[in-house]
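Report on the following structure.
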Amino acid sequence: MAGGEGNAILTVVVAGVLAVAALFGVRAAYDFSHNRIAMNQRARLVARLNSVLDPALLEHDLTTTHLSFSDPELLGSAAPIDVFVISDGGQPVATVFASVAPHGYNAPIDLLVGVGADSSITGVRAVRYRETPGLGDMINREKSNWIEQFRGKTLLMPPRDKWLVKQDEGPFDSITGATVTSRAVVAAVKNALLYFEQHRDDIYHAAAEAAVSEHEPDL
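Under my numbering, the first residue of the sequence shown carries the number 1262, and numbering increases by one thereafter.
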């Protein structure tokens, strides 16, 4: 009888140990998967940010400060949008706006717009859109180099009142059969430059404050 009770207790103990081990195993697998997903998301974000920066900057040890700002008129969305300040040795060298072109042909177009410290465009990428395949989707850099025409442009070159496609007597090429899409992107890139011009000091100040708070010791 005692032996039977002992076996029963042993069985319960073993079952308990196995249950705890299984729990830790599931938790470890979850943590591994969660961390891997986070790392992959981070890698994709870094790759996207790098794609709109001056390639010469990528040789430096850059830091990125993530902020958010709202401006429905210039940033294209009533909701806060992501703004990334890229710094080299504590000095801002570029700002990347995850801005929106609200008047795409089928839906708003999500963009990344890089702006250098000299207020010039360092790069633009379309990251999410629903434009017509074979026409408006040529804003995708993997399908054409149309979007590269913005690099180096400022509000002085061309003048801000000339940020138009050629059909509207401006200097920018439009995508054949997708003038609406082209106009939407040109306007959104210009508006990102206007926002940077008007709020540059605020952006840099917020980035500096965020950098300080990140390095403050916990009390």
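Beta carbons are placed, not taken as given, at the ideal position from N, Cα and C, and that holds for glycine.
Keep in mind that this is a model prediction, so the values were computed, not measured.
Within-8 Å CB hit, Phe1411 to chain C: Given the protein chain composition of this structure (a single chain), no chain C is represented.
Identified DSSP bridge partners for Leu1372: Answer is Ala1387.
Counterpart residues of Ser1329 in DSSP-defined beta bridges: Ser1329 pairs with Asp1343.
Where Gly1397 falls: helix, strand or coil (DSSP): In the three-state scheme derived from DSSP, where H, G and I count as helix and E and B as strand, Gly1397 is classed as helix.
Reduced DSSP secondary structure (H/G/I, E/B, other) of Thr1324: DSSP places Thr1324 in strand when its eight states are reduced to three.
Boundaries (first-last residue) of the beta strand (DSSP E) holding Gln1428: In the DSSP assignment, Gln1428 falls outside any beta strand (DSSP E), carrying neither H nor E.
Opposing strand residues paired with Pro1353 [DSSP bridges]: Answer is Ser1348.
Three-state secondary structure (DSSP) of Leu1416: Secondary structure at Leu1416: coil, using DSSP grouped into helix, strand and coil.
Alpha-carbon spacing of Ala1469 relative to Asn1452, whole angstroms: Using only the alpha carbons, I get a separation of about 24 Å.
Three-state secondary structure assigned by DSSP to Val1313: DSSP places Val1313 in coil when its eight states are reduced to three.
Per-residue DSSP class, three states only, for Ala1449: In this structure, Ala1449 counts as helix in the three-state DSSP scheme.
Backbone CA spacing between Leu1372 and Ala1339 [nearest angstrom]: Per the coordinates, the alpha-carbon of Leu1372 lies some 15 Å from the alpha-carbon of Ala1339.
Cβ neighbours of Phe1330 in the same chain (closer than 6 Å, five flanking residues each side left out): Closer than 6 Å at Cβ, skipping near neighbours: Val1344.
Own chain partners of His1364 with C-beta closer than 8 Å, once the 5 adjacent residues on each side are dropped: So the qualifying residues of the chain are Val1441, Arg1444, Ala1445 and Ala1448.
Beta bridge counterpart(s) of Gly1377 as assigned by DSSP: The secondary-structure analysis by DSSP pairs Gly1377 across a beta bridge with Ala1355.
Check whether Lys1414 and Ser1381 have beta carbons under 8 Å apart: Result yes, Cβ atoms of Lys1414 and Ser1381 sit closer than 8 Å.
Classification of Gly1351 by the beta-carbon crowding that lies within 10 angstroms, buried from 16 upward: In this structure Gly1351 is exposed. Its beta-carbon is surrounded by fewer than 16 other beta-carbon atoms within 10 angstroms.
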